Amino acid sequence: MSYYGANYWRARWASWQDARAGRIAQANARLGGLKLPGDRGPVLWLQGGAAGDELRLGVELCRAISDKRRDLRMILTFEREDTALFPETSAGIERLGYGFGPCAHARALETTLQRLQPLRYLGLGRVPSPALARLLSKKKIPALAMATAPDSAASATPWEAIYPRSQLQYQQWQSLSSVKGLQEPVDFLTLVTVAQVEPNFRNLILGSQGDALFWVTGLRAADWFAWSAAWQQSPLCERGLLFLEGLGAPANLPRLSRWQRAQVPVGSVLQVDEARWHPALAAACDAVHLLAAGSTLLWQIFAGGRPLSRRPELHWDLPATIAAQPRALADPTTVLQHWAAVLAEPIAAREEADAYRRFFWQERRAAGERLPEFLQRVFDW
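Numbers given in the numbering used here equal positions in the sequence shown, counted from 1, plus 163.
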């Protein structure tokens with residue numbers, strides 16, 4: 164079950180359902196029954212939610228902390244398990260425990276804090292719930308937050324430090340005059356982005372048959388037919404391949420994960436069904452269109468340095484102002500026409516792509532300069 168709100172009886176019912184289904188650990192954790200890794204040492208509790216970007220950030224922070232602070236035990240909790248992260252990405256991090264977290268009811272949170280007795284609390288993409296904020300203040304447990312905006316309960320939390328991900332988040336925190344410990348915007352996810360990839364994916368999958376690869380990410384179930392149909396009617400179909408990624412893909416669409424390292428016929432449409440292909444696509448595609456994109460994917464595309472476009476409603480919050488502005492395009496046919504213009508004007512396309520790449524390296528250097536300060540803070544606890 165997915166209920167993690169503040170209603171105690173709904174939480175009990177969800178835990179009962181989980182227990183009946185054999186999900187005992189999730190059932191116990193929702194009511195505060197967490198288990199600590201290791202036998203001794205102070206504890207850092209990192210609380211994530213259901214977003215994969217923030218959980219990835221938490222895993223990588225734990226990896227860096229593990230090298231800096233050998234006695235610190237870390238427990239990373241979430242509301243939805245990401246099988247791409249656990250256990251594969253988190254393997255090898257000493258003194259790290261992870262699993263489902265407690266609901267937002269005061270009784271479950273009280274039990275959690277009694278079991279963990281954390282030295283610090285760190286919210287990943289979230290701030291403490293009102294009940295947890297009161298308990299942290301009552302028990303004098305300092306709190307940190309990363310990659311999140313404040314909410315109505317933020318002023319009640321005993322903050323030690325706040326690391327906003329974007330300028331907008333920073334401005335929102337600034338508006339709360341009572342909040343202390345606000346840091347300049349930084350996105351530590353840039354440090355774990357695969358930044359240098361050889362663009363040999365194009366030769367492997369396309370060879371000399373064509374000269375163009377295109378990628379659309381963030382599709383919903385209703386979008387797939389329109390994109391496939393527009394592609395088949397476009398002259399670009401005779402020049403390359405189209406990669407589509409998102410939810411609700413047709414069952415008959417070829418999956419990139421099943422590609423046998425052989426050349427694919429020009430005009431084909433392939434489904435991007437695994438994130439491990441993102442670095443190769445970001446380095447090899449001639450243009451990318453974003454219907455939706457989380458922070459991890461966005462930084463990967465910036466690092467690849469590709470001309471970008473986006474749906475008009477899509478906006479992203481970044482740590483600094485970016486010089487290049489992706490074209491806002493509303494429908495598949497318009498995007499395909501834009502791609503044709505990108506291929507026809509290679510110098511302008513290269514200048515746009517270079518601007519994204521420079522921005523990525525600028526923010527990666529900034530994050531690299533800020534990480535030692537965060538780790539020194541952890542060391543001084």
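We put the beta carbon where it would ideally sit given N, CA and C, even for glycine. Note that the coordinates shown come from a computational prediction; the quantities given were computed from them, not determined experimentally.
By DSSP, does Trp176 sit in helix, in strand, or in coil? It is helical.
- Item | Residues near His501 by beta carbon distance below 7 Å, same chain, minus five either side | Ser472, Arg490 and Leu492
**Message:** Can you tell me whether His138 is buried or exposed? The criterion is at least 16 other CB atoms within 10 Å of its CB, across all chains shown.
**Reply:** This structure cannot settle anything about residue 138, because the visible part of the chain is limited to 164 through 544.
Measuring CA to CA, which of Val206, Glu532, Trp176 and Leu209 is closest to Arg193? Trp176
Note to self: Three or more C-beta pairs under 8 Å: does that hold for the stretch 352-361 against the stretch 516-534?
What the structure shows: yes
**Close Cβ partners of Lys343 (< 7 Å) along its chain, the five nearest in sequence each way excluded** = Trp322
Use the C-beta contact count for Pro362: other C-beta atoms within 10 angstroms, 16 or more gives buried, fewer gives exposed. exposed
Boundaries of the alpha helix (DSSP H) in which Glu217 is found, first to last residue: Start and end: Gly215 to Lys231.
Let me know if Leu299 comes out buried or exposed under the rule of 16 or more other beta-carbons within 10 Å of its beta-carbon. buried
Inter-residue Cα distance where the pair is Pro482 and Tyr326:
11 Å
Residues near Ala271 by beta carbon distance below 6 Å, same chain, minus five either side = Leu194, Gly195 and Pro265
Go ahead and label Glu383 buried or exposed: buried means 16 or more other beta carbons lie within 10 angstroms of its beta carbon, across all protein chains shown. This sequence places Arg at residue 383; Glu is not what is there. Exposed, because fewer than 16 other Cβ atoms sit within 10 Å of the Cβ of Arg383.
Same chain, Cβ closer than 6 Å to Ala445, neighbours up to 5 away in sequence not counted: Closer than 6 Å at the Cβ level, and outside the excluded window around Ala445, lie Gln463, Ile464 and Gly467.
**Prompt:** Are Trp390 and Leu419 close, meaning C-beta to C-beta below 8 Å?
**Reply:** no
>> In this structure, how does DSSP classify Arg439 when only helix, strand and coil are distinguished?
In response: In the three-state DSSP reduction, Arg439 falls in the helix class (H, G or I).
Q) In the DSSP assignment, what residue or residues form a beta bridge with Val379? A) Leu407 and His452
Buried or exposed by the 16-neighbour rule on C-beta atoms within 10 Å, applied to Ala137
Absent from the model: residue 137. The displayed extent of the chain is 164 to 544, so no value can be given.
query = What alpha helix (DSSP H) runs, 4 residues minimum, are completely inside the stretch 471-519?
reply = 495-507
Grouping DSSP H, G and I as helix and E and B as strand, with all else coil, what is Leu416?
coil
What's the C-alpha gap between Leu207 and Gly215? 20 Å
For this session: Tell me, to the nearest whole angstrom, how far the beta carbon of Phe241 is from that of Gly212; I am working on the premise that it is less than 8 Å.
Result: 7 Å
Item checked: For Ile238, three-class secondary structure by DSSP -> Ile238 falls in the strand class under three-state DSSP.
Practice prompt. Buried or exposed for Asp181, please, with buried defined as at least 16 other CB atoms from any protein chain shown within 10 angstroms of its CB.
Written response: That one is buried.
inquiry  = Alpha carbons only, please: which of Glu408, Ala438, Gly403 and Ala447 is nearest the one belonging to Val427?
reply    = Gly403
Check: Where DSSP assigns a beta bridge to Arg283, which residues make up the other side?
Finding: Looking at the DSSP assignment, Arg283 forms a beta bridge with Leu207.
Going by the DSSP bridge assignment, what does Gln434 pair with across the sheet? Its beta-bridge partners are Leu407 and Arg418.
*Say whether the stretch 313-320 touches the stretch 286-302, bearing in mind that this needs 3 or more beta-carbon pairs closer than 8 Å, one atom from each stretch.*
Yes, the stretch 313-320 touches the stretch 286-302.
Distance CB(Ile228)-CB(Pro200) smaller than 8 Å:
The answer is no: Cβ separation not under 8 Å.
| request: Could you tell me if Arg232 is buried or exposed, where buried requires 16 or more neighbouring beta carbons within 10 angstroms of its beta carbon? | output: buried
Enumerate in chain order the residues of its own chain whose CB-to-CB distance from Ala316 is below 8 Å, with the five nearest sequence positions on each side excluded.
Val290, Pro291, Ser292, Pro293 and Ala296
Report yes or no: do three or more beta-carbon pairs, one from the stretch 509-526 and one from the stretch 405-417, lie closer than 8 Å?
No contact exists between the stretch 509-526 and the stretch 405-417.
Query raised in the report: From Asp517 to Arg469, what does the alpha carbon distance come to, in whole angstroms?
Result: 8 Å
Which residues mark the beginning and the end of the beta strand (DSSP E) in which Leu339 is found? Element bounds for Leu339: n/a, residue is neither H nor E.
message = I'd like the list of long-range same chain contacts for Pro348, defined as Cβ closer than 6 Å, with 5 residues on each side in sequence excluded.
response = Pro327, Ser329, Gln330, Tyr333 and Pro482
With Trp322 as the anchor, note down where its alpha helix (DSSP H) starts and where it stops. Run containing Trp322: none in the alpha helix (DSSP H); it sits in the beta strand (DSSP E), Trp322 to Tyr326.
Roughly how many angstroms separate the alpha carbons of Gly431 and Phe263, rounded to a whole number?
According to the sequence displayed, residue 431 carries Ser and not Gly. Each residue's alpha carbon lies about 41 Å from the other.
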